[in-house]
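Undergrad: Here it is: the structure, laid out below.
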Amino acid sequence: MARVSLSKAQVFRDSMSVALPVGTYGIAFGAAAVANGFSVIQASLFSILLFSGASQFAVVGVMGAGGSALSAITTGSLLGFRNGLYSMRMKPVLNVHGFKKLLAAQITIDESTGVAISQEPRGEAAMRYGFWATGIGV
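First residue of the sequence shown: 1, per this note's numbering; consecutive thereafter.
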């Protein structure tokens with residue numbers, strides 16, 4: 001299969017066209033979390049420790065509606081399961097170890113994986129760049 005040459009500028013544009021709009025969901029999450037009784041610090045820590053928008057919104061929604069912590073954790077975990085599948089797809093492309101592996105795990109989300117896979121015709125270098133640029137951008 002022929003590979004299109006890597007244009008970092010184009011990959012970066014692709015990454016930012018996803019990362020910037022998606023990143024604004026963080027503001028909406030913060031507002032939803034505070035409206036449901038979480039403090040600003042709790043919402044911020046939640047975003048750092050659980051970097052998965054769907055899971056974050058689900059947990060806040062369940063807790064805000066009076067659901068149990070177990071229900072919230074189960075819901076968030078089931079939604080987050082797909083990120084494990086994404087990691088299996090990205091592992092051979094990223095080939096990371098140590099601290100980089102931990103960082104990659106933190107940003108293996110719908111958006112970073114989607115942009116990486118969309119760069120496949122440009123080759124693995126473009127896929128890696130798209131993954132990192134999007135994940136860090138979000």
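Glycine residues also receive a C-beta, built at the ideal position from the N, C-alpha and C atoms.
Everything numeric in this text was worked out from a predicted model, so none of it was measured.
Is Thr113 helix, strand or coil when you go by DSSP?
TA: Translated into positions along the sequence shown, residue 113 becomes position 113. Three-state result, Thr113: helix.
Undergrad: Do Val18 and Thr134 have their C-beta atoms within less than 8 Å of each other?
TA: Within the sequence shown, residue 18 is the residue found at index 18, counting from 1. Within the sequence shown, residue 134 is the residue found at index 134, counting from 1. Going by C-beta atoms, Val18 is nearer than 8 Å to Thr134.
Undergrad: Count the other CB atoms, across all protein chains shown, that sit within 10 Å of the CB of Ser55; report buried if there are 16 or more and exposed otherwise.
TA: For the purposes of this step, residue 55 is taken as residue 55 along the sequence shown, with counting starting at 1. By the 10 Å Cβ count, Ser55 comes out buried.
Undergrad: If the criterion is Cβ atoms closer than 8 Å, does the pair Val34 and Ala28 meet it?
TA: Taking the sequence shown and counting its residues from 1, one reaches residue 34 at position 34. Taking the sequence shown and counting its residues from 1, one reaches residue 28 at position 28. No, the pair does not count as a contact, with Cβ atoms beyond the cut-off.
Undergrad: Starting from Val93, follow the alpha helix (DSSP H) in both directions and report where the run begins and ends.
TA: What you label residue 93 is simply residue 93 of the sequence shown in a count that begins at 1. Taken as a continuous stretch (DSSP letters only), the alpha helix (DSSP H) holding Val93 covers 69-94.
Undergrad: By Cβ distance below 8 Å, which residues in the same chain neighbour Arg128 in space, the five residues on each side in sequence not counted?
TA: The residue labelled residue 128 in the question sits at position 128 within the sequence shown. Val93, Leu94, Ala116, listed in sequence order.
Undergrad: May I ask you to report which of helix, strand or coil DSSP gives Phe51?
TA: Taking the first residue of the sequence shown as 1, we reach residue 51 at position 51. Note: Phe51 maps to coil in three-state DSSP.
Undergrad: What are the start and end residues of each continuous alpha helix (DSSP H) run of 4 or more residues lying completely inside the stretch 9-56, in chain order?
TA: If we require 4 residues or more, the alpha helix (DSSP H) runs fully inside the stretch 9-56 come out as 25-35, 40-49.
Undergrad: Would you mind sorting Met63 into buried or exposed? The rule is 16 or more other CB atoms within 10 Å of its CB.
TA: Position 63 of the sequence shown, counted from the start, is the residue given in the question as residue 63. It is buried - the Cβ of Met63 has at least 16 other Cβ atoms within 10 Å.
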